[in-house]
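Worksheet: the structure to be examined is printed underneath.
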Amino acid sequence: MVNSLAIECDALRVRRGREEALHDVDLRIQSGSLVAVLGPSGSGKTTLLRSIVGAQRITGGQVTVLGSPAGSAALRRRVGYVTQEASVYDDLTVRQNLGYFRSIVGAPRGDVERVLDATGLADLGGRLVASLSGGQRSRVSLAAALLGEPELLVLDEPTVGLDPVLRVQLWNEFRALCDAGTTLLVSSHVMDEATRCDRLILLREGTVLADDTLPALLAATGATDAEDAFLRLVAAEPGGAA
Amino acid sequence: MNARRTLATTGRVLLQIRHDPRTIALLLVVPSLLIGLIAWLFTDTGTFQQIGPAVLGLFPFITMFLVTSVSTLRERRSGTLERLLTLPIGRSDFILGYALAFSLLAIAQALVAVGFAVWVCGLEVEGPIGLLVVVAVADAILGTALGLLASAFARTEFQVVQFMPALVFPQVLLGGILLPRDQMPEVLQAVSDWLPLSYAVDALNSVAAGDAVGEVGLDLLVIAAFAVGAIVLGSLTLRRRTA
Numbered sequence: 001m002v003n004s005l006a007i008e009c010d011a012l013r014v015r016r017g018r019e020e021a022l023h024d025v026d027l028r029i030q031s032g033s034l035v036a037v038l039g040p041s042g043s044g045k046t047t048l049l050r051s052i053v054g055a056q057r058i059t060g061g062q063v064t065v066l067g068s069p070a071g072s073a074a075l076r077r078r079v080g081y082v083t084q085e086a087s088v089y090d091d092l093t094v095r096q097n098l099g100y101f102r103s104i105v106g107a108p109r110g111d112v113e114r115v116l117d118a119t120g121l122a123d124l125g126g127r128l129v130a131s132l133s134g135g136q137r138s139r140v141s142l143a144a145a146l147l148g149e150p151e152l153l154v155l156d157e158p159t160v161g162l163d164p165v166l167r168v169q170l171w172n173e174f175r176a177l178c179d180a181g182t183t184l185l186v187s188s189h190v191m192d193e194a195t196r197c198d199r200l201i202l203l204r205e206g207t208v209l210a211d212d213t214l215p216a217l218l219a220a221t222g223a224t225d226a227e228d229a230f231l232r233l234v235a236a237e238p239g240g241a242a
Numbered sequence: 243m244n245a246r247r248t249l250a251t252t253g254r255v256l257l258q259i260r261h262d263p264r265t266i267a268l269l270l271v272v273p274s275l276l277i278g279l280i281a282w283l284f285t286d287t288g289t290f291q292q293i294g295p296a297v298l299g300l301f302p303f304i305t306m307f308l309v310t311s312v313s314t315l316r317e318r319r320s321g322t323l324e325r326l327l328t329l330p331i332g333r334s335d336f337i338l339g340y341a342l343a344f345s346l347l348a349i350a351q352a353l354v355a356v357g358f359a360v361w362v363c364g365l366e367v368e369g370p371i372g373l374l375v376v377v378a379v380a381d382a383i384l385g386t387a388l389g390l391l392a393s394a395f396a397r398t399e400f401q402v403v404q405f406m407p408a409l410v411f412p413q414v415l416l417g418g419i420l421l422p423r424d425q426m427p428e429v430l431q432a433v434s435d436w437l438p439l440s441y442a443v444d445a446l447n448s449v450a451a452g453d454a455v456g457e458v459g460l461d462l463l464v465i466a467a468f469a470v471g472a473i474v475l476g477s478l479t480l481r482r483r484t485a
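Below, the structure written as structure tokens:
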């Protein structure tokens, strides 16, 4: 299944309150690729990711994930989702958190140690999550999503607030997961993280500005990096002088 | 519904509480202290014998209402609920897991409170003391169920605490502790017929008076129906997709 689609959005529209957060978004994401969703805060990244994991009520269009409609029961053990805030229990230890999510997902017992190693948390297993730093907490949240080896990982700003060394480590880990066959969709507002992805989706005010590989995007815009490309695309929009 | 996921949730909630020994101590000790205070306050009158049984049902009801509504609200606000609802856990597994965990706590609380009221404060109970514990536990489960439901309608901690005077106090006022229900104005009596706590107070008074076990059973059925209703409504308010 080399060329199959992991995620397919057709004319996806989401209205949140009075504002439309996503306007007719069309996306195709190949299985086994590492894709970044980049855009400033408020551009609709989280809404897009929530629509893909089936947590978002959508206004129109269709989202298909791994061949099933987004949010269907069959997908709940095939898709891992990490919210922007570390969604783990503060008053449990790291290992207790992972033990709970492991039994919910139905992963084998040894999986807890595997994800602890994968996220560099092996030494912190017995610590209470409340006593961890922000970066450590988000790694616990990521570790929980790795349980049961989901085919698709949807990560909302996993690197926010991390020191550069840790960020590089995490992106290496994402690449390793991708090489092992997992599809990853990672959002970020840090444009230079584009260099580490197979493909990037630039999002602004609920519209996809670009969906391409970085070299192709740079060639098309004549820009030197992703941030520059973003600015040029915004400037080229009708009435969009940046 | 899935027993493994329900029990995993129960175990997780109990583990969280185990990391908070102060809450455990408060849960277990405070009801007994207040019962002792009431007994002392009414030392020279027969009032403690009249209201003591009903008070035994009140504490588990109120504390479990608060503990449950606050902890499920926390779960909604921390994002863990959103995460869980994208995972293969049924909404009923989640709610029942919570209900079971807090019921176990309620059993411990009721045992301590009843034991203290009967053996230390000298509360006279004609019926079986075990039945008194059963009714107190049923009240706690009712509090848990209503707390689960209330947390669905609260967006903040401030709101959830306000549900206590809004939902719990009227039941306490009209439940028959302050004034026997047959002496109330007719309209209020009719209202109290629709409040679950009224049946809890009835049941506790029946046990204390040594009434037939069947009568207590009927009250327990009504309490159970309210609890099940609240749990079903509560699980309907858990939405996998939100705006």
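Those protein sequence lines, which keep their order, are chains A and B. Heads up, the first sequence is in the numbering used here, so the first residue is 1 and it goes up one at a time. Heads up, the second sequence is in the numbering used here, so the first residue is 243 and it goes up one at a time. For glycine and all other residues, C-beta sits at the position ideal for the given N, C-alpha and C.
Quick one: list the residues of chain B neighbouring glycine 54 of chain A, beta-carbon separation under 7 Å, in chain order. Within chain B, the residues Thr328, Arg482, Arg483 have their CB atoms less than 7 Å from the CB of glycine 54 of chain A, given in chain order.
Could you tell me which residues DSSP puts in a beta bridge with proline 69 of chain A? A/Thr64
Alanine 378 of chain B classed as buried or exposed, judged by whether at least 16 other C-beta atoms fall within 10 angstroms: buried
Do the CB positions of threonine 221 of chain A and arginine 204 of chain A come within less than 8 Å of each other? Contact flag unset, no.
Leaving out five residues before and five after arginine 246 of chain A in sequence, what residues of the same chain have Cβ atoms less than 7 Å from its Cβ? Nothing about residue 246 of chain A can be reported from this structure: the residues present for chain A run from 1 to 242 only.
At a cut of 8 Å, does the segment 63 to 74 of chain A reach the segment 36 to 45 of chain A through at least three beta carbon pairs? no
Compare the C-beta of serine 188 of chain A with all C-beta atoms of chain B and state if any pair is closer than 8 Å. no
Quick one: Cα of isoleucine 259 of chain B to Cα of threonine 265 of chain B, how far? Their Cα atoms are separated by approximately 7 Å.
Looking at chain A, which residues of the segment 331 to 363 of chain B have a Cβ within less than 8 Å of any of its Cβ atoms? Ile331
If you draw a straight line from the C-alpha of leucine 257 of chain B to the C-alpha of threonine 83 of chain A, how long is it? 23 Å
Buried or exposed for asparagine 447 of chain B, please, with buried defined as at least 16 other CB atoms from any protein chain shown within 10 angstroms of its CB. buried
With leucine 315 of chain B and glutamate 399 of chain B assumed to form a contact (beta carbons below 8 Å), what rounded beta-carbon distance in angstroms separates them? With a Cβ gap of about 7 Å, leucine 315 of chain B and glutamate 399 of chain B count as contacting.
Buried or exposed for glutamate 19 of chain A, please, with buried defined as at least 16 other CB atoms from any protein chain shown within 10 angstroms of its CB. With fewer than 16 other Cβ atoms within 10 Å, it is exposed.
Between A/Ala194, A/Leu185, A/Val208, A/Gly99, which lies nearest to aspartate 228 of chain A when the distance is taken from Cα to Cα? A/Ala194
Evaluate alanine 241 of chain A with the Cβ neighbour count: other Cβ atoms within 10 Å of its Cβ, from every protein chain shown; 16 or more gives buried, anything less gives exposed. For alanine 241 of chain A, the predicted model reports a pLDDT of 49, less than 50, meaning its position is unreliable and no value from the coordinates is stated.
For threonine 322 of chain B, return the contacting residues in chain A, with the cut-off set at a CB-CB distance below 8 Å. Ser87, Val88, Tyr89
So which residues of chain B does threonine 221 of chain A contact, with C-beta pairs closer than 9 Å? What threonine 221 of chain A touches in chain B: nothing, since even the nearest Cβ is about 35 Å away.
Using the beta-carbon count (16 or more within 10 Å), is valine 410 of chain B buried or exposed? buried
Alpha carbon to alpha carbon, what distance is there between cysteine 363 of chain B and alanine 485 of chain B? 53 Å
Leucine 38 of chain A and methionine 191 of chain A look like a contact to me (Cβ under 8 Å); what is the Cβ gap, rounded to whole Å? 6 Å
Cα-Cα, which of B/Phe303, B/Glu317, B/Ile277, B/Ile371 is closest to leucine 388 of chain B? Nearest C-alpha to leucine 388 of chain B: B/Phe303.
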